[in-house]
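Numbering (the numbering used here), first residue to last: 1154 to 1260.
A virtual CB, placed ideally from N, CA and C, is assigned to each residue, including glycine.
1. Tell me the rounded alpha-carbon separation between residue 1154 and residue 1163.
2. Quick one: Cα of residue 1219 to Cα of residue 1199, how far?
3. Which value, in whole angstroms, describes the spacing of the CA atoms of residue 1157 and residue 1210?
4. Taking all protein chains shown into account, decide if residue 1233 is buried (16 or more other Cβ within 10 angstroms of its Cβ) or exposed.
5. In this structure, does DSSP put residue 1167 in helix, strand or coil?
6. What does DSSP give as the partner residue(s) for residue 1207 in the beta ladder?
7. Measuring straight from C-alpha to C-alpha, what distance separates residue 1230 and residue 1207?
Below, the structure is given as C-alpha cells:
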C-alpha cells in the first residue's frame, strides 16, 4: 500500500480505570463498537483511518475471533488501541468527536 500522511487526530481507546481499580475484569472492545467508531469518524470528515498501525480500507474485516477483536487478522487487544484519522480539517473532526457520545462508549 502507498504510504500516506497528513494532518489529523488520534483517538486512544482504553479501559475505564475505575473498573480496573474495582477489580472488574477488563473485556476487549467489541468489534461492533470499533466499526461504529469508524463509521462515525468517516461521517465527521475523516479521509483515511488506521487502527493500531494497520490501515483500514473498504475490504478490511473487523470481527471477534476466539473472543478477541481482530482487524484483518491483527489482534486489537493491547491497550491503548490507537485510531489515527487523516482529515483536511483536524480541528473540526476533533470537535465533532468530543461533541458526540462516542467518547463515552464503554467496553
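Straight from the coordinates:
1. As a first step, residue 1154 is located in the chain shown; it is residue number 1 there, counting from the start. As a first step, residue 1163 is located in the chain shown; it is residue number 10 there, counting from the start. When rounded, the separation of the alpha-carbon atoms in residue 1154 and residue 1163 is 21 Å.
2. Within the chain shown, numbered from 1, the residue matching residue 1219 stands at position 66. Within the chain shown, numbered from 1, the residue matching residue 1199 stands at position 46. Taking the straight line from one Cα to the other gives about 30 Å.
3. As a working note, residue 1157 is residue 4 in the chain shown. As a working note, residue 1210 is residue 57 in the chain shown. Residue 1157 and residue 1210: Cα-Cα distance of roughly 13 Å.
4. As a working note, residue 1233 is residue 80 in the chain shown. Flag for residue 1233 reads exposed.
5. Along the chain shown, one-based indexing puts residue 1167 at 14. Note: residue 1167 maps to coil in three-state DSSP.
6. To locate residue 1207, count along the chain shown from 1; it is residue 54. Bridge partners of residue 1207: 1204.
7. Along the chain shown, read from residue 1 onward, the residue named residue 1230 stands at position 77. Along the chain shown, read from residue 1 onward, the residue named residue 1207 stands at position 54. Cα to Cα, the separation comes out at about 14 Å.
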